[in-house]
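Read through the structure below, which is laid out as structure tokens, and then see the notes.
In our numbering, the protein residues as written are 14 to 152.
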């Protein structure tokens, strides 16, 4: 047995007639002047695209600003690091000079030929003369 299918009747809607390209252009201008139609929506889309482009450009400019700031900080850090190294080296040099100057061997070496002096006697007349107050000048 065969199955019967129900087919509703097809109803076509009204058909717009085709217009010439010049007439379409005129209609879009009229619609744009009235603020409606497809032409009226395009400036909003265009302004949205321009705004998005400006945001992207501002992001790139801000990133460039941060990049140059980071480079400047890096250069300053390198300068301060080299200055610190110089100061540390100079401090080591001064500390070494101080240790050499206060070492007993260095003191003996600097004395040179005077090293073999006899021990000082505190009751010697030269000591008493050196400790005596200066004499008052005669008038």
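The beta-carbon is built from N, C-alpha and C at its ideal position, and this holds for glycine as well.
Residue 84 (DSSP reduced to helix, strand or coil): DSSP places residue 84 in helix when its eight states are reduced to three.
Whole-Å CB distance - residue 106 paired with residue 113, under 8 angstroms assumed
With 8 angstroms as the limit, residue 106 and residue 113 do not qualify as a contact, their Cβ atoms being about 11 angstroms apart.
Exercise for review: Could you check what DSSP says for residue 24 in three-state terms: helix, strand or coil?
Suggested key: If DSSP states are grouped into helix, strand and coil, residue 24 belongs with coil.
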